[in-house]
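The structure appears below as structure tokens.
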Amino acid sequence: MTTQKQNSRQYFRSVSIIYFALLFGQVAFVTLTLYLNPGMNSEPDDSLRDVFIYIVPIFVVNGFVAGQIIFKSRLKKIKTYNNLSSKMVAYRGAMIIRLAMLEGASLFTITICFLTADLTFLAISVFIIIYFIILKPTVEKIAVDLELNRSEKIRIGNPNEVIAVFETNQ
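With the UniProt record's numbering, the residue at position 117 of the sequence shown is 117, and numbering never jumps.
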């Protein structure tokens with residue numbers, strides 16, 4: 001096992017890379033769907049639409065709610081940690097789960113839009129993407145989420161301060 005230390009700059013860069021990769025996947029899929037289906041909404045498949053008009057909202061709500069519940073549950077546990085490094089490592093995992101649940105709902109909705117050629121589903125996905133953008137992790141948001149004390153806030157604000165230590169198998 002090897003240990004990898006990340007200073008604040010590296011930690012937030014890696015969190016941003018993960019975030020933007022998840023966001024890019026959604027935006028790229030929307031773009032691809034629009035490109036491959038230029039006659040969108042001209043001849044929607046009503047038989048599929050009639051089924052998915054009920055399934056998509058259930059899937060989206062479940063993705064949102066499950067993501068929130070898991071995130072809040074993990075956050076509650078993370079706040080009890082005494083070590084900033086442990087908090088930051090665990091927070092990254094909780095954030096990934098929350099964003100992945102939203103991304104899953106978004107990609108499912110875009111897929112249904114592609115299959116049915118109905119822009120209603122694309123609109124739902126756009127709202128998910130907007131919410132996803134609002135959730136962009138920042139130093140301030142993470143400090144609030146974790147209810148960091150003054151000293152911890154100063155540490156994560158210092159780009160050269162080691163704030164996370166990851167154990168990796170290599």
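Note that beta-carbon positions come from the ideal geometry of N, C-alpha and C, so glycine has one too.
Where residue i sits in the DSSP three-state scheme
| i | result |
| --- | --- |
| Ala164 | strand |
| Asn149 | coil |
| Asn7 | strand |
| Thr33 | helix |
| Thr116 | helix |
| Thr2 | strand |
8 Å contact criterion, which residue i and residue j should meet: CB distance rounded
| i | j | result |
| --- | --- | --- |
| Phe114 | Thr3 | The pair is not a contact, with the Cβ atoms about 44 Å apart (cut-off 8 Å). |
| Leu148 | Met40 | Not really, about 46 Å apart at Cβ, beyond 8 Å. |
| Ile110 | Phe29 | 5 Å |
Neighbourhood of residue i by C-beta distance below 6 Å, restricted to the same chain and skipping five residues each side
| i | result |
| --- | --- |
| Lys5 | Val162, Val165 |
| Leu22 | Leu99, Glu103 |
Spatially closest choice to residue i from the options, by CA coordinates
| i | options | result |
| --- | --- | --- |
| Leu75 | Gly25, Glu152, Phe59, Met95 | Met95 |
| Ser125 | Phe108, Gln170, Arg150 | Phe108 |
| Asp145 | Ala21, Tyr91, Val61, Phe121 | Tyr91 |
| Ser14 | Val27, Gly93, Ser106, Asn37 | Gly93 |
| Ile112 | Asn37, Ile17, Tyr11, Met1 | Asn37 |
8 Å Cβ shell around residue i - same chain, five flanking residues per side excluded
| i | result |
| --- | --- |
| Gln68 | Arg98 |
| Leu102 | Gly63, Phe64, Gly67, Ile128, Tyr131, Phe132, Leu135 |
| Ser9 | Note on identity: in this sequence residue 9 is Arg, with Ser being the wrong assignment. Excluding sequence neighbours, Arg9 sits near Pro159, Asn160. |
Sequence-distant residues of its chain with Cβ nearer than 7 Å to residue i (five each side left out)
| i | result |
| --- | --- |
| Leu84 | Glu152, Arg155, Ile163 |
| Leu48 | Leu115, Thr116 |
Q.
Suppose only complete runs of 3+ residues qualify. What are the beta strand (DSSP E) ranges in the region 63-105, listed by chain order?
A. none
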